[in-house]
Amino acid sequence: MKRLLIFVASVICLFIITSLFVTVFLVRNRLDTQYFGERFVKVDKPFKFRFTPIHDNINILIIPLKNPGLINKSEFSLRIYSDGNNIREINFSGYNVGDPSDVKFQFEPITNSKDKNLDVEIISNDYQNPILINTDINGPSFRAYYRSINKKEIIGEWVNAWGKRYINNIPFFVSWLFLLTITGWLII
Amino acid sequence: MTKKQIFVLAAFTYLFLAPFTYHPDIKTIFYQSQFLSQGIFNIYSFFAANPGKAFLGPFVYPPLAFFTFGLLFIPVKMIAGSGFVDWLGMGNDAVGVTHIFQYLFVLKLPVIIAHFITAFVMMKFIDGEKKQKIALSLWFFNPISLYTVGFMGQIDSFAVLLTVLALLLAKKKSIYATVLLGLGAAFKTYPLLVLPFLAIYSGKTWSKKLLSFALGFGTYLLFILPFITTPAFYSSTFVSGLSQRLFELKLYLGFGENILIVPALLIILFLFAVSKRIENINQLSNFFLAVFFVTVTSVHFHPQWALWFLPFLIISFIYNAKDSSVWIALTLLFLGWLGNILLFDDKFLSWGILSPIDPGILFLPTLSELLHRFFDPLLLQSIFHTIMLASGVYLVSKSFKENE
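Protein chains in written order, with the numbering used here: chain A, 19 to 206; chain B, 217 to 620.
Printed below as a string of structure tokens:
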């Protein structure tokens, strides 16, 4: 019994330690903002949206795009503006867009991006056979990530994020812990 | 520790791990199977006609998997709560959703329950409290089970349950044993590989053996018959996965001709079964083990395929457990399997499996990409595969020797 309990405890500890280690020491890009769309709409003219990051050093945008039948091979640009100034620009091609796919745009971290309105624009040189973007009435589906290497800050944010997750999932976590407590009690 | 305590400890472990680990396969199959509750019977033709709905890929399993998960979808949806159906249709952004933990927990429950029932059925083949406890501990706490069932929630545990149940019915000399294998094949095609062996065991005369085979194959046909005229059914289920990989390992003879190694090994095993006769249930179990082991380890396998031979490996292992060499071989087999799958160039098989804990994990390079800077990860993966194959061959040969 002892050996099996030690083994299970080791597996669970290894799982927790690995998760912490990966999160704190390996992950560099962390989720800042995400928004979920409902349907795909055509990008048949320059497409714009605005978001306000809650962290500095925004460096990745992931946008679900769809290139039906992979027909579109046009050139595109994703531009990011702050206070009307073009601060980042990434060129991409219809070849980079799947049917559908999460297209990743990585750029130099935008310092001082916290609480700043960032305007994102996707433009093309050709709007025939347009690509589609996942969106709803408020804006497109996207995920923005920021770069962080400050360990103290990371641990603080991680604890904070888990606190929020716990609060947002209280009915589940309470039921789950209850279930684990019952099984734990049955073992003893 | 009693058997009950081992079951409960296993339940604790699997329930603890389930909400925090994610592999897209289980989400995809539930997304695809939800169309049953919308009145879709032929998912293959439905996806072919509506490619916009098939953005998570075609349905690659036989029809019984669609019906089973289509029915399971109803209670799972009720327990999972709001937003679940939208979440099923998401891509990699699914890991950032607030309620992902409860979704993953509920999605994996049927698979975990099937895994536990298999453990219960396996006990019918093992005599003695001590041996049963070792078997249970091995079944629940080996890396293959923990990873493919607890972490990934792979649906193979349903087909595995059916193959073990078929063996149990064969032990009881029931004619329905082959029917269960047919059902297993209608869920995931691989149990068909052992149908001839079960037929040899079940029937005393050749006509009875053939009848037994026909009963199993007929059950399988019954499920696939309504889809036989659907071209998408062939392209989705037959031209993918195992059916193609079975023919990859070959010896080139020249002039475009090859000797296909895996089919050759399976034919040899079949001839041994015919010549030696399968006299008892342990011998049949060994043939199940040999067939599944040869098939899985001689191809570039998916991690969950190792579950196919695992119950039969444990059943045979228990009777050799006094020999320390088999413990070493078993450890090497698990090590080889784990090393092999962690080196897949698939982010959800290494760090990515932890992505619900932090979605940023998905940006990390895979272990294979990391190692690539220092040496060839494919060579290392091949070494692990070889370790797994060699130690498994040793265990299979031991199991046959023990039975003599």
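Where a beta carbon is used, it is the ideal one built from N, C-alpha and C, also for glycine.
Predicted, not measured: the structure shown is a model, and the values here were computed from it.
Checklist entry - Looking only at C-alpha atoms, which of B:Q221, B:T602, B:V542, B:S598 sits nearest to S639 (chain B)? => result Outside the displayed span of chain B (217 to 620) sits residue 639 (chain B), for which this structure offers no information.
Checklist entry - Taking DSSP as the reference, what is the three-state secondary structure of S452 (chain B)? => result helix
Next on the checklist: Output needed for F503 (chain B): all residues of its chain with C-beta closer than 6 Å, excluding positions within five of it in sequence on either side, in chain order.
Outcome noted: F413, A489
Item to check | Under 7 Å between C-beta atoms of I569 (chain B) and T284 (chain B) | outcome: no
Next on the checklist: Give me the residue from A:I89, A:P82, A:G102, A:L195 with the minimum Cα distance to K134 (chain A).
Outcome noted: A:G102
Next on the checklist: I'd like the list of long-range same chain contacts for A448 (chain B), defined as Cβ closer than 8 Å, with 5 residues on each side in sequence excluded.
Outcome noted: Y260, S261, F263, A264, P274
Next on the checklist: As a quick exercise: from B:V507, B:K424, B:Q499, B:N496, pick the residue whose alpha carbon is nearest that of I484 (chain B).
Outcome noted: B:V507
Checklist entry - On the three-state DSSP scale, how would you describe Q2 (chain A)? => result Residue 2 (chain A) is absent from the structure shown; chain A starts at 19 and stops at 206.
Checklist entry - Just reading off the alpha helix (DSSP H) that Q221 (chain B) is part of, what are its end residues? => result 219 to 233
Item to check | CB contact check: N85 (chain A) to chain B, cutoff 7 Å | outcome: Residue-level contact by beta carbon fails for N85 (chain A) and chain B, as no gap is shorter than 7 Å.
Item to check | Whole-angstrom distance between I329 (chain B) and P632 (chain B), CA atom to CA atom | outcome: Nothing in the structure corresponds to residue 632 (chain B), since chain B is present only between 217 and 620.
Next on the checklist: Using a Cβ-Cβ distance cut-off of 7 Å, determine whether A480 (chain B) contacts chain A.
Outcome noted: Among the residues facing chain A, A480 (chain B) is not included, as its CB has no counterpart in that chain under 7 Å away.
Checklist entry - Along the stretch 101 to 120 of chain A, what residues have a CB closer than 8 Å to any CB found in chain B? => result D117, P118, S119, D120
Checklist entry - Looking at C-alpha atoms only, which residue of A:V42, A:F25, A:A27 is the closest neighbour of I173 (chain A)? => result A:V42
Next on the checklist: Below 8 Å on C-beta distance, what does N186 (chain A) contact in chain B?
Outcome noted: Result: T314, H315.
Next on the checklist: Tell me the residue span of the beta strand (DSSP E) that contains P45 (chain A).
Outcome noted: Per the sequence presented here, residue 45 (chain A) reads as Val, with Pro not at that position. Note, V45 (chain A): premise wrong, no beta strand (DSSP E); not H, not E.
Item to check | Residues of the stretch 224 to 252 of chain B with Cβ closer than 8 Å to any Cβ of chain A, in chain order | outcome: V224, L225, A227, F228, T229, L231, F232, L233, P235, F236
Checklist entry - Per the contact definition of three or more C-beta pairs closer than 8 Å, is the stretch 382 to 395 of chain B in contact with the stretch 292 to 311 of chain B? => result no
Checklist entry - Is I573 (chain B) close to chain A, meaning its C-beta is less than 7 Å from at least one C-beta of that chain? => result At least one C-beta of chain A is nearer than 7 Å to the C-beta of I573 (chain B).
Checklist entry - So is G202 (chain A) in contact with chain B if we call contact Cβ pairs under 7 Å? => result yes
Next on the checklist: Closer than 8 Å is the cut-off here; do at least three beta carbon pairs connect the stretch 509 to 523 of chain B with the stretch 423 to 442 of chain B?
Outcome noted: By the criterion of at least three beta-carbon pairs nearer than 8 Å, the stretch 509 to 523 of chain B is not in contact with the stretch 423 to 442 of chain B.
Next on the checklist: Beta-carbon within less than 8 Å of L523 (chain B)'s beta-carbon, same chain only, minus the 5 sequence neighbours each way: which residues are those?
Outcome noted: I360, S361, T364, V365, Q370, D372, S373, V376
Checklist entry - Would W180 (chain A) be called buried (16 or more neighbouring beta carbons within 10 Å of its own) or exposed? => result exposed
Item to check | Own chain, CB closer than 7 Å to L546 (chain B), minus 5 neighbours either side, in chain order | outcome: F533, L611
Checklist entry - Interface residues of chain A around Q318 (chain B) at Cβ under 9 Å? => result N187, P189, F190, F191, S193, W194
Next on the checklist: What does the Cβ neighbour count give for T36 (chain A), buried or exposed, with the cut at 16 atoms within 10 Å?
Outcome noted: Burial call: exposed.
Checklist entry - Going along chain B, which residues have a C-beta under 8 Å from I47 (chain A)? => result As written in the sequence, residue 47 (chain A) is Asn, which differs from the Ile given in the question. Here the neighbours are G576, F579.
Next on the checklist: Here's the rule: buried if 16 or more other CB atoms are within 10 angstroms of the residue's CB, otherwise exposed. What is W203 (chain A)?
Outcome noted: exposed
Checklist entry - What residues from the stretch 20 to 31 of chain A come within 8 Å of chain B, judged by C-beta to C-beta, listed N to C? => result Residues passing the 8 Å Cβ filter: L22, L23, F25, V26, V29, I30.
Checklist entry - Would you say D50 (chain A) and Y145 (chain A) are within 7 Å of each other, going by their C-beta atoms? => result Taking 7 Å as the Cβ cut-off, D50 (chain A) and Y145 (chain A) do not qualify as a contacting pair.
Checklist entry - So E345 (chain B) is in the alpha helix (DSSP H); what residue range does that whole segment cover? => result 345 to 356
Next on the checklist: Which of the three DSSP states is assigned to E139 (chain A) in this structure?
Outcome noted: Of the three classes helix, strand and coil, the one that applies to E139 (chain A) here is strand, per DSSP.
Next on the checklist: Do I494 (chain B) and L500 (chain B) have their beta-carbon atoms positioned less than 7 Å apart in this structure?
Outcome noted: yes
Checklist entry - Per the contact definition of three or more C-beta pairs closer than 8 Å, is the stretch 86 to 106 of chain A in contact with the stretch 221 to 236 of chain B? => result no
Checklist entry - Using 7 Å as the limit for Cβ to Cβ distance, is L44 (chain A) near chain B? => result With 7 Å as the cut-off, L44 (chain A) counts as an interface residue toward chain B.
Next on the checklist: Can you tell me whether E495 (chain B) is helix, strand or coil according to DSSP?
Outcome noted: coil
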